[in-house]
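Numbering (the numbering used here), first residue to last: 95 to 244. Glycine included, each C-beta is placed from N, C-alpha and C at the ideal position. One structure is given below, encoded as structure tokens.
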Amino acid sequence: MFKHILVPVDGSSAAQLAVEKAMGLARAFDSRVSVMFVIDPYPFTGVGSDFAYGQDAYLSAATAEANAAIQTARSVLEAAGVSVDTSVVESHAVWRGVVQTAESGQADLIVMGSHGRSGLERLVLGSVTQAVLSHTRLPVLVVRDVKAGD
Numbered sequence: 095m096f097k098h099i100l101v102p103v104d105g106s107s108a109a110q111l112a113v114e115k116a117m118g119l120a121r122a123f124d125s126r127v128s129v130m131f132v133i134d135p136y137p138f139t140g141v142g143s144d145f146a147y148g149q150d151a152y153l154s155a156a157t158a159e160a161n162a163a164i165q166t167a168r169s170v171l172e173a174a175g176v177s178v179d180t181s182v183v184e185s186h187a188v189w190r191g192v193v194q195t196a197e198s199g200q201a202d203l204i205v206m207g208s209h210g211r212s213g214l215e216r217l218v219l220g221s222v223t224q225a226v227l228s229h230t231r232l233p234v235l236v237v238r239d240v241k242a243g244d
């Protein structure tokens, strides 16, 4: 049914739950899984000579975080015998990076975690999952991290 599953990760417990759900689906349908991490290359703006150093430090830290999250997901999937490939994508909006990667990589399912935020917290922090749901034509399986939403 699903030949190619995309799993965006961010190092959170919600993303780890999504990886585990994707693993079960991949084993059931003999699917391959693509794990991705999206880095926003310009999350802040700055002025002056300190900005260049700040940007370089941010990108270095973001890349290290991305590699760690991807390696964790890869280990889980490979241990279960699931075919997996990985990527780190730069995009000015995380949801846009997810949607473009899914559609250009010909995924037929996106499995992603949700922190279960609501109210003011959701308004302030936004919802990547909600934006993906609103902008993709692909089916999306949302795995909610109940503990994170409490």
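The stretch 174 to 191 makes contact with the stretch 127 to 137, as at least three CB pairs between them are under 8 Å.
The beta-carbon distance between D239 and G207, rounded to whole angstroms, is 6 Å. This is short enough to meet the 8 Å contact definition.
Annotation: the continuous beta strand (DSSP E) that includes F131 extends over R126 to I133. Of all alpha-carbon atoms in S106, F96 and V101, the one lying nearest the alpha-carbon of H209 is that of S106.
By the Cβ criterion, the stretch 158 to 173 is not in contact with the stretch 197 to 204, since fewer than three pairs of Cβ atoms, one from each stretch, lie closer than 8 Å. Rounded to the nearest angstrom, the gap between the Cα atoms of A156 and V176 is 26 Å.
A160 counts as buried, since no fewer than 16 other beta carbons sit within 10 angstroms of its beta carbon. Going by C-alpha positions, I99 is about 32 Å away from Q149.
Between V205 and K97, the CB-CB gap reaches or exceeds 8 Å.
The beta carbons of V234 and L227 sit closer together than 8 Å. Across the set L171, M95 and L153, the C-alpha of L171 shows the shortest separation from the C-alpha of V127.
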